[in-house]
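Residue numbers (our numbering): 240 to 737. No residue lacks a Cβ here, since even glycine has one placed at the ideal position from N, Cα and C. This one's a predicted model, so the numbers in the text were calculated from it and none came from an experiment. Single-structure report; data block below.
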């Protein structure tokens, strides 16, 4: 019942809006390329190796699109799985060690959180890794509680380590660092040192490495320098350094969480007021885990300068658990408040659906219409050129099977150093191996030779480019969408003999 409710609710509007840019277009685009060239090991962006993130999202998305076709809801299978795994892990942990009432309260609260609802339908890596982190913590906590109770615990501990391996494949070291920090701090604060030794299980560590290490080893063997780029540049430097987009202050995430949980927030304060640090006997004894879980992840993601809303998704399951504990405390003392609890859940659910509907009605940026027009008119031998931009969703919607040429001033080192789509593409050059070339990187002077060799070239760019580049007058303006334009340039319109 809980799984069916969660699946239907999180999936029900996954088809209702186009891919958003840049994140959904980027990650689904990488998966689309993998599906076309059949190399599931090496993720590629515009035909070149793209190692910003590990491959689990791409594998799930490629498998989903291979089975169900390249639709947007199939492209969102990975976050849906992450949302389901996170919700069900929390539900099963609380049902076993608190009560069914706490479990259902936490599940309904979590599913109704607008941020969790939208995140489970947003095709990037955040919800997938959030689900794996949640499941790892829940499985590890369950193993610890089983061990303390003298019950068999090795299977659950093995599951925790396997899930940590999947978390590493989802987004890197946070798949083990965050669950490990939460569980160790929880057990340490409660003086359960023997249980800590129980959780540090060598066969489990070996299982985790068996799950995740083969891909990293394979990439390092094929692309020397990969491990440094992935772990030092994309992990350490992004966490500790500056120069990245989305710089926000330390208090950014607390404000986000206050807004994201607003319908249920009064229950947290009302139920926990005066009772936060009291000993909690009976079914409330697990609240220390929820508190540590929430605090550790919130602090961890508040430290870096670069902050995105999706990073904080792993805090939502423990926060939902805390709200459920507070809610049960309130309705036990005053049953008349129960209806207002359900009302707050309903309000959160309505807000989530409204957010998806607003985006689907045109609030977001998408190249779906132009890309579909390109797909309908383009012949297989025609070239596709991006003018001073890279629109990540075009290959997916236009069903392209080959890399696009990207026209930009690639000699401007300052431009290439900024955290942008240009740097993402430029970084792929570091991992070019045999059989790949750099012909996708071109300047404006290359347009004519490309058009003459291809006979027909389709160009996508800002419509204002026509003012700066008069040669676009020789191209046919096929379609426009907002500020974007699609041109068709025929070799017959050019003097290809000169």
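Asked	Found
Roughly how many whole angstroms lie between the Cα atoms of residue 523 and residue 337?	A caution first: residue 523 carries a pLDDT of 38, below 50, which makes its placement in the model unreliable, though a value can still be read off. Taking the straight line from one Cα to the other gives about 6 Å.
Do you know how far the Cα of residue 393 is from the Cα of residue 386?	9 Å
Go ahead and label residue 257 buried or exposed: buried means 16 or more other beta carbons lie within 10 angstroms of its beta carbon, across all protein chains shown.	buried
Between the C-alpha atoms of residue 734 and residue 649, what's the straight-line distance to the nearest angstrom?	26 Å
Thinking C-alpha only, which one of 549, 618, 564 and 643 is nearest residue 366?	549
Between which two residues does the beta strand (DSSP E) containing residue 791 stretch?	Shown here, the chain extends from 240 to 737; a query on residue 791 therefore has no answer.
Which of helix, strand or coil does DSSP assign to residue 545?	strand
Would you report the Cα separation of residue 750 and residue 561, rounded to the nearest angstrom?	Because the chain is modelled from 240 through 737, residue 750 falls outside the range shown and cannot be assessed.
For the beta strand (DSSP E) that contains residue 699, what are its first and last residues?	695 to 701
Output yes or no for whether 8 Å exceeds the beta carbon distance between residue 647 and residue 627.	yes
Just the C-alpha distance for residue 198 and residue 282, rounded to the nearest angstrom, thanks.	Look at the range of the chain in this structure, 240 to 737, and you will see that residue 198 is not part of it.
Would you be able to state if there are at least three C-beta pairs under 8 Å between the segment 406 to 418 and the segment 361 to 379?	yes
Using 8 Å as the threshold, is the segment 626 to 644 in touch with the segment 602 to 613, meaning 3 or more CB pairs across them?	yes
Of all the options 455, 508 and 495, which has the alpha carbon lying nearest to the alpha carbon of residue 546?	495
Is residue 379 near residue 418, with beta carbons less than 8 Å apart?	yes
Using a Cβ-Cβ cut-off of 6 Å (strictly less than) and excluding sequence neighbours within five positions of residue 363, which residues of its own chain qualify?	262 and 266
Let me make sure I understand the geometry here. Which of 477, 502 and 586 has the alpha-carbon closest to that of residue 540?	477
Compare the beta carbon distance of residue 358 and residue 552 with 8 Å and say whether it is the shorter of the two.	yes
In whole angstroms, give me the CA-to-CA distance for residue 302 and residue 695.	33 Å
Using the beta-carbon count (16 or more within 10 Å), is residue 485 buried or exposed?	exposed
Assign residue 300 to one of two classes, buried (16 or more other C-beta atoms within 10 Å of its C-beta) or exposed (fewer than that).	buried
In terms of residue numbering, what span does the alpha helix (DSSP H) encompassing residue 666 cover?	660 to 666
Please report the straight-line C-alpha distance between residue 503 and residue 703, rounded to a whole angstrom.	47 Å
For a quick check, are the C-beta atoms of residue 610 and residue 641 less than 8 Å apart?	no
Compute every distance between the C-beta of residue 714 and the non-hydrogen atoms of the ligand SAM, then say whether any falls below 7 Å.	Ligands are entirely absent from the displayed structure, and the ligand SAM is therefore not among its contents.
State yes or no: is the C-beta of residue 460 within less than 8 Å of the C-beta of residue 438?	no
Can you name, in chain order, every residue of its own chain whose Cβ lies under 6 Å from the Cβ of residue 313, other than the five neighbours on each side?	303, 304 and 307
Quick test of your reading: residue 450 and residue 404, contact by CB under 8 Å. State the CB separation rounded to the nearest angstrom.	3 Å
Please report the straight-line C-alpha distance between residue 520 and residue 531, rounded to a whole angstrom.	Only weak support exists for where residue 520 lies, its pLDDT of 43 falling under 50; the value from the coordinates is given anyway. C-alpha separation (whole angstroms): 18 Å.
By the three-class DSSP mapping on this structure, what secondary structure does residue 308 have?	coil
Name the DSSP beta bridge partners of residue 715, please?	727
With a 10 Å radius around its C-beta and 16 neighbouring C-beta atoms as the bar for buried, classify residue 498 as buried or exposed.	exposed
In its own chain, which residues sit with a C-beta less than 7 Å from the C-beta of residue 554, not counting the 5 before and 5 after it?	496, 533, 536 and 537
What does DSSP give as the partner residue(s) for residue 497 in the beta ladder?	Answer is none; residue 497 lacks a bridge partner.
Compare the C-alpha of residue 558 against each of 396, 432, 680 and 346 and name the closest.	346
Check residue 283 in the structure and name its three-state DSSP category.	strand
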